[in-house]
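Peer 1: Dropping a structure here in structure tokens format, bear with me for questions.
Protein chains in written order, with our numbering: chain F, 16 to 285; chain Y, 43 to 628.
Set out below in structure tokens:
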């Protein structure tokens with residue numbers, strides 16, 4: 016058994032009196048994708064932000080290779096703990112509109128003093144290559160790119176710091192169907208090549224099934240089910256996961272009719 | 043495919059980068075203001091070279107003389123050359139204004155950045171200070187300081203800068219608050235950037251233009267106030283200033299009335315140019331990418347609607363529909379010759395990716411194209427009526443009564459300041475002409491019908507008190523309240539959670555069966571299509587590539603694009619197997 020890369024133990028977060036995370040336990044192994052599924056308000060984004068160090072943790076422990084990083088902001092994280100990066104949902108607002116792609120990609124490296132500005136610039140081409148963007152993209156602005164391309168830029172930015180973990184918060188939700196499939200394949204390819212681990216937050220079970228090794232299901236701040244991908248996304252044990260699975264329509268009228276009847280027979284949620 | 047190839051066509055946009063300054067200069071007013079300000083600035087810098095005399099050079103015989111070849115603009119009350127004093131005055135005036143602007147901007151922007159970014163106590167405290175400063179009467183404070191600190195106008199302008207700083211503070215603070223929660227700021231934090239660097243690199247970059255505008259306006263105010271103080275006789279009388287000159291000219295108004303014009307004009311023109319420049323920059327920023335004027339475009343030639351024989355069970359028949367928006371010198375077509383027909387009582391799916399024209403087609407049927415959009419040719423026949431030939435008021439009468447609409451974002455389609463009940467009752471009263479009481483009864487029945495557990499309570503609620511799923515049920519209740527023949531639903535469940543989506547779709551299917559209406563369901567989700575639709579049209583780039591019965595489409599897609607889309611639907615029989623990475627990547 017490989018030692019976990021990230022281990023969340025009894026993580027609790029309160030926003031005022033609202034209990035957003037309730038005793039969340041979660042592990043991510045090196046090079047693994049853990050899918051995190053849930054509906055809006057379930058706390059899936061909150062746990063992602065807590066791991067990134069940009070969201071609050073009220074109690075509990077988040078350890079990264081044994082080092083407690085709960086509540087430590089990114090710039091104070093030392094060593095490998097600094098190698099946790101993020102790709103956000105909305106590729107239109109996650110890139111600063113007034114910076115060129117080159118500025119966006121060199122900034123993390125320069126800010127962390129990992130390389131000089133010139134060395135960082137030299138790496139831009141490699142980064143763009145990795146996400147299959149043309150080299151001449153470096154001197155353009157985000158607005159000149161489509162949603163899928165911007166998300167590639169965001170992925171390249173995350174890769175610039177040689178991450179061990181990337182927290183992906185709904186990274187393909189804003190993309191068209193065909194673009195979504197290609198970006199997901201890029202994520203998988205990068206993982207196989209670099210051994211990066213993903214915490215893949217999504218509301219879409221099909222997306223999570225495509226990319227994950229293990230899947231956790233969240234509801235009202237709690238993880239209700241956590242297990243192997245195939246088991247959770249095809250034969251779930253928890254009634255809530257079953258409900259989620261049957262609610263998602265499949266692209267086949269015949270099978271969808273069966274699924275719909277099964278969903279309706281579950282009745283209204285208690 | 044699309045996301046790679048589209049980079050090629052955007053390279054022209056690279057030209058836009060330097061164009062902001064250019065477009066300000068291309069504006070005649072912007073150019074004029076810039077030239078004037080440059081002239082004033084250069085005069086101030088090179089004052090000794092420009093001025094023919096020393097500003098304190100006195101010729102006793104030239105007191106209040108008229109303009110001549112010697113003293114170009116005449117002499118002042120002490121026999122000094124007005125032109126030379128004007129030139130040196132520019133220097134002192136600009137230095138004073140710069141001090142005020144620099145102090146105001148430094149304090150205001152720094153404070154605004156900190157208050158906006160960190161919020162909480164810092165925000166509250168600094169906002170109090172700013173409000174307090176704004177409440178102080180500037181002139182009186184300056185006069186008091188003048189008494190205490192002596193005759194340095196520079197010191198006075200520094201104090202005035204502090205008085206002006208709340209303007210910068212409030213502007214910066216509100217700008218920072220609007221960008222603080224942008225995802226790129228989060229991304230910068232995750233990258234490990236320090237707060238200082240985030241503010242410097244990310245936030246300041248975005249807010250610079252409004253701050254420049256503010257600086258320009260504040261400089262104008264500073265010049266006026268400074269001149270006013272000097273006019274009142276405060277300030278060092280030995281230094282030539284525009285305000286001081288004004289005072290001197292005023293003293294000699296009856297002897298040399300013309301002298302009052304020169305400093306007056308200098309102040310007016312400089313301040314006017316500053317304000318003008320600020321306005322031009324602001325206009326340029328607000329204008330963004332305004333659509334080109336429609337009048338410059340070729341008139342769309344109306345084609346005679348083809349007389350089509352439509353069978354009785356067809357409710358809506360669209361023929362060769364072309365919808366265009368004004369583009370550069372021509373109509374940009376977003377719907378290209380779309381033909382489709384919707385039968386009575388069927389659910390018709392309109393499916394495609396973003397930009398495929400599916401929503402534009404639906405909006406054309408509703409007669410609700412966005413500004414500038416227009417039907418260029420083709421026909422839309424609804425139950426024997428050609429919708430393209432109807433006037434706006436005829437279309438208005440049809441909409442809501444026979445053609446209803448369910449939008450994508452339920453929350454933004456309910457008015458937050460009115461109760462749900464009112465929003466349901468009011469349209470019914472106006473469209474159906476029934477009494478308030480009857481409308482209320484119907485509304486309550488409808489709310490119960492769409493599956494809301496406590497109709498009376500929802501009736502009394504404001505939109506923010508209900509969830510997105512409930513809001514969509516309310517909108518569906520409103521849409522079916524007049525028993526329409528056609529319901530157009532534009533991505534009705536995209537903003538909803540998946541379990542709520544399943545329930546709302548079930549409701550729509552139920553209502554469809556009960557009322558026998560037709561539904562046009564615009565969606566990008568093939569699962570929803572499979573769940574709901576009888577017939578499906580697949581759109582790409584404004585054109586329909588394939589129309590088929592739903593079961594046939596999924597079983598044997600005819601067009602290669604449809605196949606590509608269906609292949610992109612994620613349905614993995616197997617999942618990935620985990621193996622730890624062989625070597626830790628460096």
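Every residue gets a Cβ at the ideal spot worked out from N, C-alpha and C, and that includes glycine.
Mind checking if residue 543 of chain Y is an interface residue toward chain F, Cβ cutoff 8 Å exclusive?
Peer 2: Within the second chain, numbered from 1, the residue matching residue 543 of chain Y stands at position 501. For residue 543 of chain Y, the answer is yes, since a Cβ of chain F falls inside 8 Å of its Cβ.
Peer 1: Who are the Cβ neighbours of residue 188 of chain Y in its own chain at under 8 Å, not counting the five residues just before and after it?
Peer 2: Here the question's residue 188 of chain Y lines up with position 146 in the second chain. Closer than 8 Å at Cβ, skipping near neighbours: 198, 271 and 276.
Peer 1: Using a Cβ-Cβ cutoff of less than 7 Å, which residues in the same chain neighbour residue 97 of chain Y once the five nearest sequence positions on both sides are dropped?
Peer 2: For the purposes of this step, residue 97 of chain Y is identified with residue 55 of the second chain, where counting begins at 1. Only 122, 126, 127, 130 and 282 meet the Cβ criterion.
Peer 1: What are the residues of the stretch 242-273 of chain Y that lie near chain F, defined by any Cβ-Cβ distance shorter than 8 Å?
Peer 2: From the stretch 242-273 of chain Y, only 243, 244, 247 and 248 have a Cβ closer than 8 Å to chain F.
Peer 1: Going by alpha carbons, who is nearest to residue 43 of chain F out of F/107, F/21 and F/143?
Peer 2: On the first chain, position 28 is the one that residue 43 of chain F refers to. Nearest C-alpha to residue 43 of chain F: F/21.
Peer 1: Throw me the rounded Cβ distance for the residue 222 of chain F and residue 199 of chain F pair, which I believe falls under 8 Å.
Peer 2: The residue you call residue 222 of chain F lines up with position 207 of the first chain. The residue you call residue 199 of chain F lines up with position 184 of the first chain. Yes, they are in contact, since the Cβ atoms of residue 222 of chain F and residue 199 of chain F sit about 7 Å apart, within 8 Å.
Peer 1: Determine which residues of the stretch 103-137 of chain F have a Cβ less than 8 Å from any Cβ of chain Y, and write them out in chain order.
Peer 2: Correct list: 103, 104, 105, 108, 109, 110, 111, 112, 113, 114, 122, 123, 126 and 127.
Peer 1: Just tell me which of Y/161, Y/321, Y/273 and Y/136 has its CA closest to the CA of residue 261 of chain Y.
Peer 2: The residue labelled residue 261 of chain Y in the question sits at position 219 within the second chain. The option with the nearest alpha carbon to residue 261 of chain Y is Y/136.
Peer 1: What does DSSP give as the partner residues of residue 27 of chain F in its beta bridges?
Peer 2: Translated into the one-based positions of the first chain, residue 27 of chain F becomes position 12. Partner(s): F/74.
Peer 1: In terms of residue numbering, what span does the beta strand (DSSP E) encompassing residue 416 of chain Y cover?
Peer 2: Reading the second chain from its first residue, position 374 is the one you call residue 416 of chain Y. 416-424 is the span of the beta strand (DSSP E), which, as asked, contains residue 416 of chain Y.
Peer 1: Out of F/262, F/190, F/153 and F/80, point me to the one whose CA is closest to residue 17 of chain F's CA.
Peer 2: Position 2 of the first chain, counted from the start, is the residue given in the question as residue 17 of chain F. Comparing Cα-Cα distances from residue 17 of chain F to each of F/262, F/190, F/153 and F/80, the minimum goes to F/80.
Peer 1: Does the beta carbon of residue 47 of chain F come closer than 8 Å to any beta carbon on chain Y?
Peer 2: Here residue 47 of chain F corresponds to residue number 32 of the first chain, with the count starting at 1. Chain Y, which has a Cβ nearer than 8 Å to the Cβ of residue 47 of chain F, makes this yes.
Peer 1: At 3 residues or longer, and completely inside the stretch 435-459 of chain Y: list those beta strand (DSSP E) runs for me, N to C.
Peer 2: With a minimum length of 3 residues, the continuous beta strand (DSSP E) runs that stay inside the stretch 435-459 of chain Y are 445-448.
Peer 1: Which ranges would you report for the beta strand (DSSP E) in the stretch 84-128 of chain F if only whole runs of at least 3 residues count?
Peer 2: 99-102, all fully within the stretch 84-128 of chain F.
Peer 1: Using the beta-carbon of each residue, which ones in chain F are nearer than 9 Å to residue 592 of chain Y?
Peer 2: Counting from 1 along the second chain, the entry for residue 592 of chain Y is found at position 550. Here the neighbours are 268.
Peer 1: Interface residues of chain F around residue 566 of chain Y at Cβ under 9 Å?
Peer 2: By 1-based counting over the second chain, the position of residue 566 of chain Y is 524. Per Cβ cutoff of 9 Å: 191 and 192.
Peer 1: Can you tell me whether DSSP reads residue 581 of chain Y as helix, strand or coil?
Peer 2: Along the second chain, read from residue 1 onward, the residue named residue 581 of chain Y stands at position 539. Of the three classes helix, strand and coil, the one that applies to residue 581 of chain Y here is strand, per DSSP.
Peer 1: Under 8 Å Cβ-Cβ, which residues of chain F neighbour residue 606 of chain Y?
Peer 2: If you number the second chain from 1, residue 606 of chain Y lands on position 564. What residue 606 of chain Y touches in chain F: 193.
Peer 1: Would you list the residues sitting across from residue 34 of chain F in a DSSP beta bridge?
Peer 2: For this step, residue 34 of chain F is matched to residue 19 along the first chain. In the DSSP output, where bridge partners are listed per residue, residue 34 of chain F has F/29.
Peer 1: Taking a contact to mean a Cβ-Cβ separation below 8 Å, would you say residue 224 of chain F touches residue 248 of chain F in this structure?
Peer 2: Taking the first chain and counting its residues from 1, one reaches residue 224 of chain F at position 209. Taking the first chain and counting its residues from 1, one reaches residue 248 of chain F at position 233. Yes, these two residues count as a Cβ contact at 8 Å.
Peer 1: What does DSSP give as the partner residues of residue 375 of chain Y in its beta bridges?
Peer 2: Translated into positions along the second chain, residue 375 of chain Y becomes position 333. Answer is Y/366, bridged to residue 375 of chain Y.
Peer 1: Does the stretch 579-598 of chain Y come close enough to the stretch 416-425 of chain Y to have 3 or more Cβ pairs within less than 8 Å?
Peer 2: Too few Cβ pairs lie closer than 8 Å, so no.
Peer 1: Indicate whether at least one CB of chain F lies closer than 8 Å to the CB of residue 331 of chain Y.
Peer 2: Along the second chain, one-based indexing puts residue 331 of chain Y at 289. Only weak support is given to the placement of residue 331 of chain Y: the predicted model assigns it a pLDDT of 48, under 50, and the value that follows is read from those uncertain coordinates. Residue 331 of chain Y does not count as touching chain F.
Peer 1: Please identify the residue among Y/377, Y/376 and Y/391 whose C-alpha is closest to the C-alpha of residue 383 of chain Y.
Peer 2: Translated into the one-based positions of the second chain, residue 383 of chain Y becomes position 341. It is Y/391 whose Cα lies nearest to the Cα of residue 383 of chain Y.
Peer 1: Quick test of your reading: residue 184 of chain F and residue 101 of chain F, contact by CB under 8 Å. State the CB separation rounded to the nearest angstrom.
Peer 2: Taking the first residue of the first chain as position 1, residue 184 of chain F is located at position 169. Taking the first residue of the first chain as position 1, residue 101 of chain F is located at position 86. The pair is a contact, with the Cβ atoms about 7 Å apart (cut-off 8 Å).
Peer 1: Along chain Y, in chain order, which residues have C-beta atoms closer than 7 Å to that of residue 69 of chain F?
Peer 2: Mapped onto the first chain, residue 69 of chain F falls at position 54. Neighbours of residue 69 of chain F on chain Y, chain order: 228, 231 and 232.
Peer 1: Residues of chain F with CB closer than 8 Å to the CB of residue 20 of chain Y, please, in chain order.
Peer 2: In the structure displayed, chain Y extends from 43 to 628; residue 20 of chain Y sits before or after that span and is not available.
Peer 1: Between which two residues does the beta strand (DSSP E) holding residue 276 of chain F run?
Peer 2: Counting from one through the first chain, the residue named residue 276 of chain F turns up at place 261. Looking at the DSSP string, residue 276 of chain F is not in any beta strand (DSSP E); the run it does join, the alpha helix (DSSP H), is 268-281.
Peer 1: With DSSP run on the structure shown, which of helix, strand or coil describes residue 503 of chain Y?
Peer 2: Numbered from its first residue, the second chain carries residue 503 of chain Y at position 461. Looking at residue 503 of chain Y - three-state DSSP - the assignment turns out to be coil, as it is neither helix nor strand.
Peer 1: Beta-carbon of residue 217 of chain F versus every beta-carbon of chain Y: anything under 8 Å?
Peer 2: The residue given as residue 217 of chain F occupies position 202 in the first chain. It does not; no Cβ of chain Y falls within 8 Å.
Peer 1: Whose C-alpha, out of F/126, F/241, F/173 and F/99, is nearest the C-alpha of residue 179 of chain F?
Peer 2: Looking up residue 179 of chain F in the first chain gives position 164. Nearest C-alpha to residue 179 of chain F: F/99.
Peer 1: Can you give the Cα-Cα distance for residue 57 of chain F and residue 609 of chain Y, rounded to whole angstroms?
Peer 2: Translated into the one-based positions of the first chain, residue 57 of chain F becomes position 42. Translated into the one-based positions of the second chain, residue 609 of chain Y becomes position 567. Going from the Cα of residue 57 of chain F to the Cα of residue 609 of chain Y covers about 31 Å.
Peer 1: Determine the extent of the alpha helix (DSSP H) in which residue 226 of chain Y is found, giving its start and end residues.
Peer 2: Indexing the second chain from 1 puts residue 226 of chain Y at position 184. Where residue 226 of chain Y is concerned, the enclosing alpha helix (DSSP H) stretches over 225-232.
Peer 1: Could you work out which residues of chain Y lie near residue 85 of chain F, taking near to mean beta carbons separated by less than 9 Å?
Peer 2: Within the first chain, numbered from 1, the residue matching residue 85 of chain F stands at position 70. The premise fails here: residue 85 of chain F is roughly 16 Å from chain Y at the closest Cβ pair, so nothing lies under 9 Å.
Peer 1: Can you tell me whether residue 102 of chain Y is buried or exposed? The criterion is at least 16 other CB atoms within 10 Å of its CB, across all chains shown.
Peer 2: Position 60 of the second chain, counted from the first residue, corresponds to residue 102 of chain Y. Classification for residue 102 of chain Y: exposed.
Peer 1: Using a Cβ-Cβ cutoff of 7 Å, what residues of the stretch 204-230 of chain Y are near chain F? List them in chain order.
Peer 2: Residues 224, 225, 226, 228 and 229.
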